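Chemist:
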Amino acid sequence: MSQYTNINTKKKWLFYFIMALLILPIIQEKTDFIKINPLKGSFQPEQDINFSLNDWFAGKYSFEKEQYLNENFGFRNLFVRLYNQIQYSLFNEAKANGVIIGEEQYLYEENYILSYLGRDFIGEDKIQKKVEKLRKIVDTLKTKNIDLIVILAPGKGSFYPEYIPRKYNPNYKKQSNYDIYKKMITKDSINLLDFYSWFMNMKSSSKYPLFPKTGIHWSKYGEFLVADSIIKYINSKNNQLLKSEIIINSIDYSTRILDTDDDIEKGMNLLLNIKDLKMGYPNFQFKKSDSLGLKILTVADSYYWGLFNSGLSKDAFNNGQFWFYNQEIYPDSYQEILHVSDINLQSSLESNDVIILLSTDANLNKFAFGFIEQVYEIYFD
42 MSQYTNINTK KKWLFYFIMA LLILPIIQEK TDFIKINPLK GSFQPEQDIN FSLNDWFAGK
102 YSFEKEQYLN ENFGFRNLFV RLYNQIQYSL FNEAKANGVI IGEEQYLYEE NYILSYLGRD
162 FIGEDKIQKK VEKLRKIVDT LKTKNIDLIV ILAPGKGSFY PEYIPRKYNP NYKKQSNYDI
222 YKKMITKDSI NLLDFYSWFM NMKSSSKYPL FPKTGIHWSK YGEFLVADSI IKYINSKNNQ
282 LLKSEIIINS IDYSTRILDT DDDIEKGMNL LLNIKDLKMG YPNFQFKKSD SLGLKILTVA
342 DSYYWGLFNS GLSKDAFNNG QFWFYNQEIY PDSYQEILHV SDINLQSSLE SNDVIILLST
402 DANLNKFAFG FIEQVYEIYF D
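When the letters of the sequence shown are read in order and numbered with our numbering, they come out as residues 42 to 422.
1) Mind checking T227: buried by the 16 CB within 10 Å criterion, or exposed?
2) According to DSSP, is S230 part of a helix, a strand, or is it coil?
3) With a threshold of 6 Å on Cβ separation, who are the neighbours of D303 within its own chain once the five nearest residues in sequence on each side are excluded?
4) Once you ignore the five residues that flank I292 on each side, which residues in its own chain have a CB closer than 6 Å to its CB?
5) Which two residues bound the contiguous beta strand (DSSP E) that contains Q216?
6) Helix, strand or coil for E414 per DSSP?
7) Which of the three DSSP states is assigned to Q169 in this structure?
8) According to DSSP, is G263 part of a helix, a strand, or is it coil?
9) I288: buried (16+ other C-beta within 10 angstroms of its C-beta) or exposed?
10) L412: which of L175, K167, Y129 sits nearest, CA to CA?
11) If you drop the 5 nearest sequence neighbours on each side, which residues of the same chain put their C-beta closer than 6 Å to that of Y420?
12) In terms of residue numbering, what span does the beta strand (DSSP E) encompassing N11 cover?
13) Are D356 and S285 close, meaning C-beta to C-beta below 8 Å?
14) Can you look up Y199 in the DSSP assignment and give me helix, strand or coil?
15) Rounded to whole angstroms, what is the Cα-Cα separation between P253 and N360?
16) Okay, do the segment 340–348 and the segment 387–401 touch, 3+ Cβ pairs below 8 Å being the bar?
17) In the structure shown, what three-state DSSP assignment does A137 receive?
18) Are the CB atoms of L353 and A409 nearer to each other than 8 Å?
19) Using the rule of at least 16 other Cβ atoms within 10 Å of the residue's Cβ for burial, across every protein chain shown, is Y149 buried or exposed?
20) Under 8 Å between the Cβ atoms of I275 and L266?
21) Just to confirm the assignment, what range does the beta strand (DSSP E) spanning V395 have?
22) Helix, strand or coil, according to DSSP, for L148 in the structure here?
23) How would you write the range of the alpha helix (DSSP H) that D304 sits in, first residue to last?
24) Given that a residue counts as buried once 16 or more other Cβ atoms are within 10 Å of its Cβ, and exposed if not, what is Y375?
25) Pick from I397, K177, I168, K223: whose alpha carbon is nearest that of V340?
26) Answer yes or no: do K244 and L158 have a C-beta to C-beta separation smaller than 8 Å?
27) State the DSSP-derived secondary structure class of F252, mapped to helix, strand or coil.
28) So, N78 versus N118, is the Cβ gap smaller than 8 Å?
29) Would F162 and P195 qualify as a contact pair, given that the criterion is a beta-carbon distance under 8 Å?
30) By how many angstroms is the C-alpha of T50 removed from the C-alpha of M42?
31) If you measure between the beta carbons of K329 and Y294, is that distance less than 8 Å?
32) If you drop the 5 nearest sequence neighbours on each side, which residues of the same chain put their C-beta closer than 7 Å to that of F325?
33) Go ahead and pull the three-state DSSP assignment for S130.
34) List the DSSP bridge partners of H380.
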């Protein structure tokens with residue numbers, strides 16, 4: 042009798058457990074009684090659909106409702122992280138678009154690896170034609186007292202080639218877009234800040250890492266060095282000093298990763314943290330002067346976001362704009378998206394004292410993101 046009772050008890054608990062597995066996600070979906078962090082990354086959330094007879098008979102309602110429920114059932118984010126963690130821990134795979142897991146768990150995006158190895162090379166002829174156009178633009182802007190500066194930034198692949206997975210045959214490196222752009226820009230005497238080479242030269246001697254282990258952008262410490270160098274370079278080229286200078290108060294040396302120093306890892310949506318490098322985090326401020334200062338426009342990729350968010354454009358560049366990929370204009374787009382195509386390009390350009398074109402090596406196959414062609418058309422076509 043006791044054995045029979047024991048079996049029934051086990052069956053009951055198994056039944057309760059199965060019911061809990063079925064019911065708890067529904068309760069979580071409706072009440073959100075357990076707070077679960079949202080997933081990171083760029084994706085378009087599915088929108089719920091209202092019931093209508095037309096949609097029902099057309100099959101639209103059931104399809105879109107299923108799509109919505111698949112994305113919004115209770116504990117979904119937890120299950121996604123669990124699945125991603127299993128793929129990472131057991132199979133060394135990243136369930137994030139374009140993410141590559143390198144040696145010693147260094148994280149990359151594939152285009153940075155391909156760029157370093159020269160496998161996205163667009164050819165010398167294309168680069169030469171673009172630099173020739175840029176040279177003419179530089180000369181034209183100079184007649185209007187506007188300087189143009191090219192900034193070449195390193196990438197994760199070029200900074201940490203030693204951790205690139207062997208399947209990419211990293212020892213076989215061909216001529217890259219960076220190699221030719223640097224050569225031709227230097228030859229044409231266009232103002233150039235080559236942070237790519239500078240970071241390589243500092244790699245072994247820098248007190249703090251210039252690139253993180255689990256992020257794709259230069260580190261917060263690296264950004265500080267870049268901001269300081271840009272300000273000093275522009276001041277050395279102009280009689281009119283910039284509106285601010287950088288004053289550093291201290292540097293925190295910490296294993297607690299901040300900001301974008303683990304942006305790839307965040308996008309992987311794992312349950313467990315990947316062990317990171319100990320990073321340096323400068324505490325600095327912009328010391329403003331009473332002068333009007335130079336107004337500076339920056340056309341750049343995502344490598345400028347950290348500098349922009351630090352206040353470089355606002356405090357040092359006299360509220361200069363940031364044209365993100367030569368598409369969206371910031372800070373204006375914080376209120377309502379403003380595109381470069383929506384403004385008078387010539388008058389906007391000529392309202393600045395300096396124009397910066399910044400690109401990491403992974404984006405040099407589309408350097409300046411159409412800016413050179415657009416400006417060339419204004420002045421020469």
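By construction, the Cβ of each residue, glycine as well, lies at the ideal position given by its N, Cα and C atoms.
Quantities reported herein were computed from a predicted structural model and do not represent experimental measurements.
Modeler: From the atom records:
1) exposed
2) coil
3) T255, G256
4) G321, P323
5) First-last for Q216: undefined, no H or E at that position.
6) helix
7) helix
8) helix
9) exposed
10) In the sequence as presented, Leu is not what sits at residue 412; that position holds Phe. The shortest C-alpha separation from F412 is found at L175.
11) T181
12) Here the chain comprises residues numbered 42 to 422, so residue 11 is not present and cannot be evaluated.
13) yes
14) Residue identity check: residue 199 is Ser in the sequence provided, not Tyr. Of the three classes helix, strand and coil, the one that applies to S199 here is helix, per DSSP.
15) 29 Å
16) yes
17) coil
18) no
19) buried
20) no
21) 395–401
22) strand
23) 304–309
24) exposed
25) I397
26) no
27) coil
28) yes
29) no
30) Residue confidence for M42 is low, a pLDDT of 46 falling below 50, so the modelled location carries little weight and cannot support an answer.
31) no
32) F265, I287, I288, I289, N290
33) helix
34) E369
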